[in-house]
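Residue numbers (this note's numbering): 1 to 381. Here's the structure, in structure tokens; my notes come after.
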Amino acid sequence: MADEALIEPDRLDGTPHPRDTAKLYGQEAAEAPFLQAFNAGRLHHAWLLTGPKGVGKATLAWRIARFLLTEEQAEAGMFGDMSDAKPERLDVRADHPVLQRILAGSEPRLFKITRSMNPDTKRMRDVIVVDDVRKLGHFLSMSAAEGGRRVVILDAADEMNTQAANALLKMLEEPPKLTTFLLIAHQPQGLLPTIRSRCRELRLNTLEANDIAAALEAAGVEAGLGAEAASALSALSGGSVGAAARMLELEGLVLYGELVAIFESLPKLDRARVLRLSEAFAARGSEQKLDLLLVLLETLLFRLARAGAMGAQAQALANPNEPALFERLSPNHQAAQRWAALSDELLARARHGRAVNLDPAALILDTFLRIQRSVAEHSAR
């Protein structure tokens, strides 16, 4: 199982594992309710951490785990007063022995559930299966002898299949003493209502540009990111550190600038530029960059539609040439509706093309020709 240990489905590409990330940026509002419950001696047994992917849900879960395994819950006196000082942060001192065991993966009171390797195919499963959850029962029975708190991290809860979800539900219905469940969910609406109802929610929001820059630097992804680049990354990544890191790794800002330049040539369309772009993605090994290109194209189309509906200045800049482009191509609500409809059509075709392994160069060229045709038709009216 050595290969399985090297694969961590709960780590976003291009970023450190949340276990190794000590500081969380821009999510103080999500930490506060947990600390309040802890300090009041009324800690709920299950917490559901929700929000967009890549904003720090897993990092917060690991911060909570470290905190709980190194602290004792305050106990209220007869009149609700606390004899000990209340912690104001979830930070843990770096030399704490529990922290060292967590980093080494050897803390006996911490258990994580993620997607596992299929022993038959030797590939990572797409879902969390019931056997992954049943291992938790063994952990709880064994760790009870250790005493003290126990923490379970489930990443991500919305990846459980029906059998796994039902197995977890039974444990949440009769929670073991001094055990805290931390369920991470990117799409909590996909969870069983009975699971959601047994959890207290901590909602994490998208990050501002300065928090994105600080988080990327702390993760060793990018040092000294300028204010303009940070703002662009924040706008294009939807406030997600994970998406911003992936974008930096794949030169997403440069790629988005190329898309903006192509759109600036409309309605004539700079075909030479489109052909160069198409050829760049025809090479083997460019699949990830092609996927990012389609994401960025979707983003640009959405931003064009939003500009027409709300005004060219209604959103943070992702490229300095956007205001003039938006003003020309999407000046009103009618244009916004056209861009929104075109986006739905083009992206459905692009996803189908990817699914049937259509030649990337042909896919890109066809997409831009359809965009040109749409712009030309409405420009002639």
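Built from N, CA and C at the ideal position, the CB exists for glycine as well. The structure displayed is predicted, hence computed values, not measured ones.
DSSP beta-bridge partners of residue i
i    : result
I153 : K112 and L182
A46  : F181
E201 : L48
M142 : Per DSSP, none; premise fails for M142.
R123 : N118
M160 : I128
Backbone CA spacing between residue i and residue j [nearest angstrom]
i    : j    : result
D132 : G252 : 36 Å
L292 : L342 : 19 Å
Q163 : P52  : 25 Å
G77  : K289 : Any reading at G77 must be qualified, since the residue scores a pLDDT of 42, below 50, and its modelled position is unreliable; no value is offered.
S83  : Q36  : Confidence is the limiting factor: at S83 the pLDDT is only 48, short of 50, which leaves the residue's position unreliable and the question unanswerable from this model.
T179 : G56  : 22 Å
F315 : I212 : A small fix is needed here, since residue 315 is Gln in this sequence, not Phe. Taking the straight line from one Cα to the other gives about 17 Å.
S379 : A218 : 48 Å
M160 : N357 : 29 Å
I364 : P18  : 36 Å
Q266 : A244 : Residue identity check: residue 266 is Leu in the sequence provided, not Gln. Distance between the alpha carbons of L266 and A244 is about 28 Å.
A283 : A361 : 9 Å
E264 : A229 : 21 Å
E258 : R271 : 13 Å
F326 : I262 : 13 Å
L225 : L296 : 20 Å
D43  : P33  : First, the amino acid is wrong: residue 43 is Leu here, not Asp. For L43 and P33, the distance between alpha carbons rounds to 10 Å.
E377 : W339 : 13 Å
P9   : K268 : 45 Å
T367 : L294 : 10 Å
N205 : A185 : 13 Å
L12  : M142 : 31 Å
A167 : P175 : 12 Å
A227 : Q313 : 18 Å
V127 : A165 : 11 Å
L233 : H45  : 37 Å
A94  : G190 : 37 Å
F302 : T59  : 29 Å
A104 : L207 : 30 Å
G148 : L69  : 8 Å
H138 : A65  : 19 Å
P16  : V221 : 9 Å
L136 : V152 : 8 Å
N332 : R306 : 10 Å
Distance between beta carbons of residue j and residue i, contact taken as under 8 Å
i    : j    : result
V254 : L216 : At roughly 17 Å, the Cβ-Cβ gap does not stay under 8 Å, so V254 and L216 are not in contact.
L369 : S330 : Rounded, the Cβ-Cβ distance is 20 Å, inconsistent with contact.
L172 : R198 : 5 Å
A61  : L182 : 4 Å
A385 : G308 : No statement about residue 385 is possible, as the shown extent of the chain runs from 1 to 381 and does not include it.
D155 : P188 : Incorrect: roughly 13 Å between the Cβ atoms, too far for contact.
S231 : A209 : 4 Å
L169 : L49  : Not quite, the Cβ-Cβ distance comes to about 18 Å (not below 8 Å), so this is no contact.
L90  : R63  : 5 Å
V260 : N321 : 5 Å
L317 : A223 : Going by Cβ atoms, the distance from L317 to A223 rounds to 23 Å, so no, they are not a contact pair.
R200 : W47  : 5 Å
P87  : E107 : Contact flag wrong, Cβ pair sits at about 20 Å.
(request) Please list the segments of the alpha helix (DSSP H) lying wholly inside the region 269 to 338, counting only runs of 4 or more residues, in order along the chain. (result) Within the region 269 to 338, the complete alpha helix (DSSP H) runs of at least 4 residues are 271 to 280, 287 to 310 and 322 to 329.
(request) Taking 8 Å as the threshold, find out whether the region 120 to 127 comes into contact with the region 96 to 104 through three or more Cβ pairs. (result) No, they do not touch.
(message) Within 8 Å, do at least three Cβ pairs link the region 101 to 117 to the region 26 to 33?
(response) Inter-segment contact for the region 26 to 33 and the region 101 to 117 is absent: fewer than three beta-carbon pairs are separated by less than 8 Å.
(request) Examine the Cβ distances between the region 269 to 283 and the region 339 to 354 and report whether three or more of them are shorter than 8 Å. (result) As far as the Cβ criterion goes, the region 269 to 283 does not touch the region 339 to 354, which means the pair count is below three.
(request) Go through the region 213 to 242 residue by residue and report every complete run of the alpha helix (DSSP H) that reaches 4 residues or more, in order. (result) The alpha helix (DSSP H) runs of length 4 or more contained entirely in the region 213 to 242 are, from start to end of the chain, 227 to 237.
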